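In the working numbering, the protein residues as written are 59 to 1157.
Quick notes on the structure that follows.
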């Protein structure tokens, strides 16, 4: 006899289900025994007895069994003591819920065969077990290893089988006592999240089983409890058949990783309710609809009434719902009733949107004739989502969803994320113009949705369904009939749990799980539950309401915008792995080209790297740690650092990528060809907010230094409109050669939940070209004399407080001294003067799909560049300057090569004007960069420049970096991407200065804007490092050099998105061609803006 999951169904509808295993086989089929009234009593007793002794069935390898005795899914709500307790902004306090978080007794086993099978039995000796904190991912506490894979399953690929060779099992024990105040009331337990499947016992008695690690699992414990102390036993399997549907791109963990709690409703309870709002076509009036489910829990029938009250944000009552009547039955089945606000209570609500997340409070109170009183509450937002004429409308407006995909992750705790970390994410979203989040690729902790409701985020709620490792063809589980139940249950339970949240504007059936018929069934089930929201699923656009795609080119997006049959939502784009987010501005230009393009979500929000500790002990006594990714835990298979794709760091710090997101996403955009005319255009891209709600400010800068500023007051510009606005034009006397830039910004007028008063939400920098004024000709300064000497090794030029030495062997500047300070000097055969350079430490977008830039560059032979030097040519000029011409053939080990002619024109005051002409020859790839690199003395740590900043920026990611005057240090230029790579670049640089603490150093001017990178690492250092602080015996760590490693580039190829997406746009690709560029070296002894900018104007 082979039986799994006996289900004894009595004629009266009562049932007992247990996981029974008699001669278990790899594949078990459920056996339902339908019995007559005569036999039902003895058979139920027999089955129940079997359940007690045979709890170890393999439900975790049966796709047809997803739960045993688990409560039906419902919207999260907990019984309150009285209605007044509901009138609070935060989670209401209740005496009828207690948390079981904290220390649990714990044992880890490497496989199911090794687990302590009887640990749930009374009297089991667990005195030598360990203690673990709940919630937590056990791998982050040293039990087993974190495993990162993107697509490949970390277990065998034979669905639904997992096997026992390596499938760790976590055994948990926890004692608790039911509060005295709960006597006579039912008691339930709630697990908010457990990876990946678990069995539950109380006081040695089997309670049930659950899988779907991302949704709550609730069980009725009432009949298993005793007076005094009770014991919970939880057996958690790292992998189960459910893991085949949880193949998301992330570190794989296990354990009780979310909260555990007990709660106690009254004997007659309001089990669930569904709130929807319906708005009139003019959005001025509304009705509120309520569907409620009540039941009796003590086996006795009861009559009950539910009273509903709606309160505004000030907790004034604005409506009362008609009373609902329930005749509750003794079998505990749900009884359903519905109502809506009556016509005589006309509601004219303040609507909910991400711009104005106004929430009402609904308070529901059940009164039953058994003495029960059950108070429940939820927040209500009045809003409507429509699809009309191919547009996705929110409250009637075709707004743009400016979003990110977000994993729940923290480097300390893996998938266990605190409420404080959730709130930090929300605040960072709001402060950086992110209005949408896709819960990629699973439901979040229920508190996350409360925050989104309150702070104002549009949410794409995604079900926990991804079977990427099975592909999209016939093997895909989306096609397999036996997996239909799991696909549908996960989607239905997802909707049931989160249906009342106004922030969720669209459901998503899952991610990368194939296009099969199981998703059509899931879609139909979701729409039957909730017809008010559209449904998305990228792999089967034909069955859902909104089309989608992943990682298209910008041109593709423009073309898709011409199709107005259905709205389009780009669920993943702008893959932000490492130094990335190129072409982001162009994506949003495309989004705004069509109202059918509703926006999209960046992949993704946060790098998922986690802390790993080395054996080194730091001076403060702590162990050194570093951010680890796939492969760092000897995890196989793994996908390396593909887990690090965020616009913020793993520990939630801002990166230059996030700065770009904020600027490109901003909803107030100012433009003008010349702000000096006093007229600019303001485009208000908000859907519901007038620009007058913000303070507008202006400023004018000369060579990056602000010289005038003021307030524009409140500019009244209606949502989704453009308007010309007059702006102040200060009277100035333009400096010859100076550059003027005008800036308009918008700021919060008052403090909000998410930012302080004055927070900048938008800014635009504009050209300001004042009328030229006549300038009297100045008498040229007398140029000091130059002393020129030669020998077999070098050419030396000396003038006023400077010395320049040119090496005949290297064909470049080998020593430079200004004002007694050594700027650069060759040492031990290392060339530190300017030398042609085309190499950069490849960013992740250069390395991934197809390795488009890296592979071609390495195959070209340019990584092993040989420099063949021709004799120096020295010429005295009529203007008392000396020109040293150096010609170097820079050759790769294949046919590709460059002829680099550097003409150094040296003046007696130390000015060295360097003109570079570069002629390519042979077969050459796309060039990562073109310019020169040199190494400056390490004392020149202070950096001041006029260009884009202060953040790192690149040619296709610099919208968020205004042109200005910035001061910093070379050390601070390094950007700590989890995998070291090219970083710290600055585009559109007009000039830069490197000085020591006394202000002595070198000033470098660029007649045409340049790209500058200054670090304490060479590109080769960055390319060769796996981690910045990795263990030396395993990894190649990154150690800073004392010198300043400086790269001066006339051009660099953009960043693009090719780690998973398109390469840079053609206009941002640097191809081999003749180059002609100039930079000017000068001594400086004062690092003030006035001195440095004056030097730069001496062209």
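Just so you know, even glycine gets a beta-carbon here, dropped at the ideal spot from N, CA and C.
These numbers were taken from a predicted model, which means no experiment stands behind them.
Grouping DSSP H, G and I as helix and E and B as strand, with all else coil, what is residue i?
i	result
residue 664	strand
residue 1142	strand
residue 288	strand
residue 615	helix
residue 714	helix
residue 723	helix
residue 922	helix
residue 1052	strand
residue 303	helix
residue 817	coil
residue 930	coil
residue 440	coil
residue 1018	coil
residue 681	strand
residue 912	helix
Quick one: what's got a C-beta closer than 6 Å to residue i's C-beta in the same chain, skipping five residues either side?
i	result
residue 902	635, 636 and 1117
residue 570	524 and 526
residue 647	none
residue 714	1009 and 1010
residue 408	416
residue 398	345 and 347
residue 766	758 and 788
residue 394	351
residue 971	963 and 1138
residue 1121	910 and 1114
residue 456	449 and 653
residue 685	667, 708 and 1036
Between the options, which lies nearest to residue i when the distance is taken from Cα to Cα?
i	options	result
residue 328	182, 433 and 558	433
residue 306	1102, 466 and 149	466
residue 140	152, 1020, 848 and 439	152
residue 1149	555, 371 and 1058	1058
residue 1138	965, 475, 575 and 806	965
residue 917	674, 951, 253 and 197	951
residue 240	160, 310, 1121 and 322	322
residue 256	371, 124 and 1103	124
residue 1067	484, 797, 191 and 144	797
residue 314	1100, 296 and 978	296
residue 299	357, 367 and 219	219
residue 1019	1039, 1036, 1043 and 997	1043
residue 1048	1040, 958 and 1157	1157
residue 974	1135, 816, 324 and 1014	1135
residue 719	734, 760 and 631	631
residue 436	619, 1100, 198 and 558	558
Leaving out five residues before and five after residue i in sequence, what residues of the same chain have Cβ atoms less than 7 Å from its Cβ?
i	result
residue 272	251, 500, 501 and 522
residue 412	493, 514, 515 and 516
residue 319	155, 156, 157, 158 and 248
When DSSP builds the beta bridges, which residues end up paired with residue i?
i	result
residue 390	Looking at the DSSP assignment, residue 390 forms no beta bridge with any residue, so it has no partner.
residue 385	361
residue 228	166 and 294
residue 583	Bridge partners of residue 583: none, in fact.
residue 468	472
residue 351	330 and 394
residue 494	461 and 516
residue 446	449
Who are the near neighbours of residue i in its chain, counting only those whose CB is closer than 8 Å to its CB and skipping five residues on each side?
i	result
residue 742	725, 726, 748, 749, 775, 776, 777, 778, 779, 780 and 781
residue 495	461, 462, 463, 464, 487, 510, 515, 516, 517, 518, 659 and 663
residue 1166	Nothing can be reported for residue 1166: it is not among the residues displayed for the chain, which extend from 59 to 1157.
Tell me, to the nearest whole angstrom, how far the beta carbon of residue i is from that of residue j; I am working on the premise that it is less than 8 Å.
i	j	result
residue 1023	residue 762	3 Å
residue 589	residue 530	Incorrect: roughly 28 Å between the Cβ atoms, too far for contact.
residue 366	residue 450	Actually they do not touch by this definition, with Cβ atoms about 31 Å apart.
Cβ of residue i versus every heavy atom of the ligand FAD: is any distance shorter than 7 Å?
i	result
residue 165	The ligand FAD is not part of the structure shown, which contains no ligands of any sort.
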